[in-house]
Structures are given as structure tokens and as C-alpha cells.
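Going line by line, the protein sequences match chains A and B.
So the first sequence is numbered by this note's numbering: it starts at 1 and just counts up by one.
So the second sequence is numbered by this note's numbering: it starts at 274 and just counts up by one.
Heads up, the beta-carbon is just placed ideally off N, CA and C, and yes, glycines get one too.
This report concerns only the one structure given below.
Number of protein chains: 2
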Amino acid sequence: MTREQLIEEIKATKSFLCVGLDSDLEKIPNHLKGKEDSIFEFNKAIIDATSRYCVAYKPNIAFYESMGAAGWDILERTVNYIPKNKLIIADAKRGDIGNTSKMYARTFFETYNFDAITVAPYMGEDSITPYFGFDDKWVILLAATSNSGGLDFQYKQLTNGRMLFEEVLEKSKEWGNDDNLMYVVGATRADILQKVRAIVPNSFLLVPGVGAQGGSLSDVVKNGMNKDCGLLVNSSRGIIYADSSEKFAEIAEVKAKELQEEMQQFLEAYDVI
Amino acid sequence: MTREQLIEEIKATKSFLCVGLDSDLEKIPNHLKGKEDSIFEFNKAIIDATSRYCVAYKPNIAFYESMGAAGWDILERTVNYIPKNKLIIADAKRGDIGNTSKMYARTFFETYNFDAITVAPYMGEDSITPYFGFDDKWVILLAATSNSGGLDFQYKQLTNGRMLFEEVLEKSKEWGNDDNLMYVVGATRADILQKVRAIVPNSFLLVPGVGAQGGSLSDVVKNGMNKDCGLLVNSSRGIIYADSSEKFAEIAEVKAKELQEEMQQFLEAYDVI
Chain A
1 MTREQLIEEI
11 KATKSFLCVG
21 LDSDLEKIPN
31 HLKGKEDSIF
41 EFNKAIIDAT
51 SRYCVAYKPN
61 IAFYESMGAA
71 GWDILERTVN
81 YIPKNKLIIA
91 DAKRGDIGNT
101 SKMYARTFFE
111 TYNFDAITVA
121 PYMGEDSITP
131 YFGFDDKWVI
141 LLAATSNSGG
151 LDFQYKQLTN
161 GRMLFEEVLE
171 KSKEWGNDDN
181 LMYVVGATRA
191 DILQKVRAIV
201 PNSFLLVPGV
211 GAQGGSLSDV
221 VKNGMNKDCG
231 LLVNSSRGII
241 YADSSEKFAE
251 IAEVKAKELQ
261 EEMQQFLEAY
271 DVI
Chain B
274 MTREQLIEEI
284 KATKSFLCVG
294 LDSDLEKIPN
304 HLKGKEDSIF
314 EFNKAIIDAT
324 SRYCVAYKPN
334 IAFYESMGAA
344 GWDILERTVN
354 YIPKNKLIIA
364 DAKRGDIGNT
374 SKMYARTFFE
384 TYNFDAITVA
394 PYMGEDSITP
404 YFGFDDKWVI
414 LLAATSNSGG
424 LDFQYKQLTN
434 GRMLFEEVLE
444 KSKEWGNDDN
454 LMYVVGATRA
464 DILQKVRAIV
474 PNSFLLVPGV
484 GAQGGSLSDV
494 VKNGMNKDCG
504 LLVNSSRGII
514 YADSSEKFAE
524 IAEVKAKELQ
534 EEMQQFLEAY
544 DVI
């Protein structure tokens, strides 16, 4: 998916919502547990219920990998089930040396046909650039994450005046551009979003941490939105586990719709649509 | 596997060799290509040929993941085939928020019965500590890697006087200890090994980069060996792809034996055995 196609989808859907498919055998509704193919049935129901209100889906690979070979089969069928006009993100947070990164890139972009993959920066250039050798595919680089451990290293001050996540952003601009590189930036600190935007004003940002982790959507928009929107705000648990009865899909739809309506107001207020 | 068991195996085998099972459909000998279950047959032959000369095996997960569900099945059978007295390392370089790390830990430690997993530090404490909740299992944290991109961030100077990888080492000592935490330290720079040993004198280090990537075994030993050995030196391509004929396993055995004999001399010279 190209940047233009993504922006078009945002305008058509009036939303910049990404639905996180962190589908967990222990957390799906009781009536699905024990059924054959329960996780795929759960995913299908969630996708059917939410696709009018979102522009992206993000399966976290850990949840599928933990099911062994069967999980990879569910992942493949889930990716194939998602409508083609949605950005499909493999939340894999991979990061390895060059020839290994190339293997991961092939896995997620070719074997499974994802549009984007999240990648960790610690191993530097040759762990990241192999993902750029694929048309219309995206790297989403971890910059400033929303978890408590993000504080341990990402905000360390370097002697060149930058914090580590700022160094990651600056350096990554030598490797990719606004058409193939996005960043993960947590929603929990407004000042960090401002610093990110000072370095990458035009890039798309994938923002977790709204809702469950305490970030506010209006703060994210105020500090992160640009003329093309430039934001994908992720919600996982707040949508897919909003209800655990037989009505879980209806409630997921309600939650996704609420977020879409809030997002539409921001898109209008900031003249994106 | 406990630290004591690992040290015992090093003394029994007179070796601190780790064989990297980066088994790639494109690189295995021609006569195996196209055969049913060729990667597993390749792994079995390599394990049979090398197990007298090494103390650990390290499948790089990317190579198996790229084969889809079938690859995970091969991985599972490979882990089960490796003799129980060897340390089995999942080279996965995972790093994600707490509940996701727990899923990865279960996958590698319980579903697949690995003894250790490589983990990336960028997301900090809650991305690492979930791996410690398992008896006799190990985290192997990326500290200073041997790839060229390692220079981009790991050696950045912080305002507290440490380089980033030194900060990672110092901070990680708050989370784990010599019985459940090792570090990946590349072999390509002797001065870095010295800095690592100044911070974690007793820890085991997993050292890639000897041979193909240009590091010297004697430099690694001089700067990294401690009274319990404290080193696992990995070789992948130099052993498993040393020959591509029908004699590949014999040649792999020769290469592993050469390394073991060199290692035995160092173990004796440094009074470990």
C-alpha cells in the first residue's frame, strides 16, 4: 500500500483507527473457547464488525506464534480475510543482522502479504534497510514506546544533545523516507510527540497507548496530526475485548464507531477532510 | 539448564562452541534440495556430526519462520533431536511490552522447550523481565553486536559517561543475575569485550563474529574468558556450510573438531579445566 492509498483510505473512512488483533485463546469470549478454529472465527467477527471504522489492522505476532504451527496458519488466513484497502501491520518488532532481516522481510511481506512490519532499532542500519527492498511495503520503526520500560534507554541523553529516540529518528532518515518508513510513538507523553514532529514532520506515526495505557486522543492529535493526518492510532483491548458475551462483535463495532466519530471531528477540525 | 550444568558440559566436552543452525533451503547441499523434509535431515546430520564438539546449538528463528507453519514444525523436531545436555538457544531477538513478552517466553520456553532466548533491550525492563519467570531458563540480552549497524546506536556516548551498551549492561543487572542472564557481545572489537567484562565479570557471553565476520578466537579468550569459561563462541556458516557436497556432515565435523581442539588449549591455558 502506498502513502497516497493510505491517505485516501483515511479520507474515505474518516478515521485513522488501527485495530490491534492481539487475539488470545484465554481472553476470547467463553462461547468461542474450545470451538474448532475459535481464534480465526473471533478475528473474522472482529474484522466484519470494525472494517467500516478503521484504516488498518495490526496482529501482534506473539499471540499467533504462541500457538505453534497452527497459529501461523490462522495468521495467514486472517491477513487474507482483511479487506485489501486496509493497511495490514505485522507487529513483530524484529531486529537482526542483514541476511536475517532479509529472511524476516520475505516472511512477512511475501509469505504472509503484510503491508508493514514493526522493527526494533538497536542493531542499526543493516538490521533495518533490508526491509526497504520491497515495493509499497513499510517499515514501522520503534522510536518512543508507551511502555514503562521505554524510559530505561529511549530517553537517555546523548552527548550530542539528542535523546536516544531522537538519534534513532535522525539516523533513520538516512535510510528511509515518508513513503516507506513510519515510527512507533507512544501516546502517553505529549512533549515526546512534539519532539518527534520536530524531526519527522511528514511521517506517519503509529500511536499505541490511547485508552488502556492512559494516553488522550486529543493530546495525540494536537501534537501529532499533520496535513495528511500522519497518524494511525491503535486500539486493541479497548475494542476486541470490550465485551466477552455472545454480543462481543456488536460491542466491538460500537467501540470502533465511537473512536471513528471522535477521529472524524479531529480530521475536520484540522482540515484533513 | 542451570549455570552449573552448563559449566559441567563445557568441562566434559572441553569446548565452549555453539553451533548456529541457520539452516537455509537455498544453502543446504544440492543433493538434499527438493528432498522431503530436507532441512530437518540437514539439521539431524549436522547435530550428529558436531555434538561431541560443542556445548550449545542456536537455531536462528528467522530461517524457520520464513518457511511458514512447516518451519515451526521443523524447529520443534530439531529442538527435540538435540541432546539434552546441550544448551539450546532460540536466536529470536524479541522485545515487546510485558504481556507480549510473556507470550514469547511461553512459546520458546514451554511450547518449544528452548533453554535460552536472545532478547533486544530497546523497550527496557518490562520487555525483558517476563522471561525470568521460568526455572533454569536464560535471557541472552543484546549488548554489543558484531554487525556494522551495531555502531549506529550501541556505542553512542551518554551524558552519564557510559556508552549505550554499557548502560544496557548496568541496568540489566537490576533485573537478572549470572544464573539467568547472558549477553550477546560481538567478537570484532577487543576493547569492547574489556569494557563488558569490567561491568559483568562473571556472566556468560554469547559471542558471534569469530571467523566469517573477522573476529579472532584468541582475542576473545584473552579479553573475555573468566574462571568458569564464561564464553559461548558461536559459529554458523563456518561449520554448517563448510562443504556443499554429500560429505557436508563429515566436513562440518572436521571444522567443529578443529574449533574444539583450539578451545581446549585455551581452557587448559586459563585453568578452567
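Fill in: Cutoff 9 Å: S218 of chain A Cβ touching any chain B Cβ
So no, S218 of chain A is outside the interface.
Discussion item. Please tell me whether I465 of chain B has its Cβ less than 9 Å away from any Cβ of chain A.
Written reply: The beta carbon of I465 of chain B does not come within 9 Å of any beta carbon belonging to chain A, so the residue lies off that interface.
Fill in: Same chain, Cβ closer than 6 Å to E9 of chain A, five either side skipped, listed in chain order
Result list for E9 of chain A: V55, N85, in chain order.
Worksheet item: So, is the C-beta of P59 of chain A closer than 9 Å to a C-beta in chain B?
Response: For P59 of chain A, not one C-beta of chain B is nearer than 9 Å to its own C-beta.
Worksheet item: Roughly how many angstroms lie between the CA atoms of P29 of chain A and S236 of chain A, to the nearest whole one?
Response: Their Cα atoms are separated by approximately 15 Å.
Discussion item. Any contact between the stretch 513 to 527 of chain B and the stretch 364 to 374 of chain B? By contact I mean 3 or more CB pairs, one from each, below 8 Å.
Written reply: The stretch 513 to 527 of chain B is not in contact with the stretch 364 to 374 of chain B.
Worksheet item: So, is the C-beta of G149 of chain A closer than 9 Å to a C-beta in chain B?
Response: It does: the Cβ of G149 of chain A has a partner Cβ on chain B nearer than 9 Å.
Discussion item. Here's the rule: buried if 16 or more other CB atoms are within 10 angstroms of the residue's CB, otherwise exposed. What is D115 of chain A?
Written reply: With 16 or more Cβ atoms within 10 Å of its Cβ, D115 of chain A is classed as buried.
Worksheet item: Would you say R106 of chain A faces chain B, with C-beta separation under 9 Å as the test?
Response: By this cut-off, R106 of chain A is an interface position.
Worksheet entry | Nearest candidate by alpha-carbon position, reference L437 of chain B, set A:I89, A:M123, A:L6 | Among A:I89, A:M123, A:L6, the Cα nearest to that of L437 of chain B is on A:M123.
Discussion item. Measuring straight from C-alpha to C-alpha, what distance separates I199 of chain A and N234 of chain A?
Written reply: One C-alpha to the other measures close to 22 Å.
Worksheet item: Closest Cβ-Cβ distance between N433 of chain B and chain A: below 9 Å?
Response: At least one chain A Cβ lies under 9 Å of N433 of chain B.
Worksheet item: Along the stretch 44 to 74 of chain A, what residues have a CB closer than 7 Å to any CB found in chain B?
Response: Listed by position, the residues of the stretch 44 to 74 of chain A near chain B (Cβ gap below 7 Å) are N60, A62, F63, E65, S66, G68, A69, W72, D73.
Discussion item. Cutting at 7 Å between CB atoms, please list the residues of its own chain near L151 of chain A, excluding the five before and the five after it.
Written reply: Answer for L151 of chain A: no residue qualifies.
Practice prompt. Examine chain B for any beta-carbon lying closer than 9 Å to the beta-carbon of E76 of chain A, and answer yes or no.
Written response: Taking Cβ atoms only, chain B reaches closer than 9 Å to E76 of chain A, which makes this a yes.
Worksheet item: Out of A:G68, A:E166, A:S127, A:P130, which has the shortest C-alpha to C-alpha gap to L193 of chain A?
Response: Closest by C-alpha distance to L193 of chain A, out of A:G68, A:E166, A:S127, A:P130, is A:E166.
Worksheet item: Since S146 of chain A and P208 of chain A are thought to touch, with beta carbons under 8 Å apart, how far apart are those beta carbons, to the nearest angstrom?
Response: Correct: roughly 5 Å between the Cβ atoms.
Worksheet item: Over what stretch of residues does the alpha helix (DSSP H) that includes V196 of chain A continue unbroken?
Response: Note, V196 of chain A: alpha helix (DSSP H), 190 to 199.
Item to complete: Hey, could you find the ends of the alpha helix (DSSP H) D73 of chain A is sitting in?
Response: Membership of D73 of chain A in the alpha helix (DSSP H) is indicated by the continuous run 69 to 81.
Discussion item. In whole angstroms, give me the CA-to-CA distance for S203 of chain A and N433 of chain B.
Written reply: For the pair S203 of chain A and N433 of chain B, the Cα-to-Cα distance works out to about 31 Å.
Item to complete: Figure out for me which residue from B:E531, B:L504, B:M455 has the closest Cα to the Cα of Y404 of chain B.
Response: That would be B:M455, whose Cα lies nearest to the Cα of Y404 of chain B.
Discussion item. Please list, in chain order, the chain B residues whose beta carbon lies closer than 9 Å to that of M123 of chain A.
Written reply: The answer, in chain order, is K366, A393, L415, T418, N420, G422, G423, D425, F426, Q427.
Practice prompt. On the DSSP bridge assignment, give the partners of T391 of chain B in chain order.
Written response: Per DSSP, B:I413.
Worksheet item: What does DSSP give as the partner residues of V210 of chain A in its beta bridges?
Response: Answer is A:G215.
Item to complete: Starting from the Cα of I546 of chain B, find the closest Cα among B:M498, B:E526, B:I513 and give me that residue.
Response: Out of B:M498, B:E526, B:I513, B:M498 has the C-alpha closest to the C-alpha of I546 of chain B.
Item to complete: Please go through the same chain and pick out, in chain order, the residues whose beta-carbon is closer than 7 Å to the beta-carbon of A417 of chain B, but skip the five residues on each side of it.
Response: Answer for A417 of chain B: G423, Q427, F438, V458, G459, I465, V469, listed in chain order.
Worksheet entry | Runs of beta strand (DSSP E) wholly within the stretch 11 to 53 of chain A (minimum 3 residues, chain order) | Within the stretch 11 to 53 of chain A, the complete beta strand (DSSP E) segments of 3 residues or longer fall at 17 to 21, listed in chain order.
Item to complete: Could you have a look at N450 of chain B and say whether DSSP puts it in helix, strand or coil?
Response: If DSSP states are grouped into helix, strand and coil, N450 of chain B belongs with coil.
Discussion item. Within 9 Å of any Cβ in chain A, is that where the Cβ of L437 of chain B sits?
Written reply: For L437 of chain B, the answer is yes, since a Cβ of chain A falls inside 9 Å of its Cβ.
Fill in: Sequence-distant residues of the same chain with beta carbon closer than 7 Å to L431 of chain B, five excluded per side
L437, E440.
Worksheet item: Residues of chain A with a CB under 9 Å from the CB of G371 of chain B: which are they?
Response: For G371 of chain B, the chain A residues whose C-beta falls within less than 9 Å of its own C-beta are N147, S148, G149, listed in chain order.
Item to complete: Tell me whether S400 of chain B sits in a helix, a strand or coil according to DSSP, three-state version.
Response: In this structure, S400 of chain B counts as helix in the three-state DSSP scheme.
Practice prompt. Out of B:I347, B:D452, B:K446, B:Q537, state which residue places its alpha-carbon closest to the alpha-carbon of S491 of chain B.
Written response: With distances taken between Cα atoms, S491 of chain B lies closest to B:Q537.
Worksheet item: Count the other CB atoms within 10 Å of the CB of R367 of chain B; is the residue buried (16 or more) or exposed (fewer)?
Response: Of the other Cβ atoms in all chains shown, 16 or more fall within 10 Å of the Cβ of R367 of chain B; this residue is therefore buried.
Discussion item. According to DSSP, is V272 of chain A part of a helix, a strand, or is it coil?
Written reply: It is coil, neither helix nor strand.
Worksheet item: Residues of chain B with CB under 7 Å from E167 of chain A, in chain order?
Response: Within 7 Å of the CB of E167 of chain A, the CB atoms of chain B belong to F426, K429, in sequence order along the chain.
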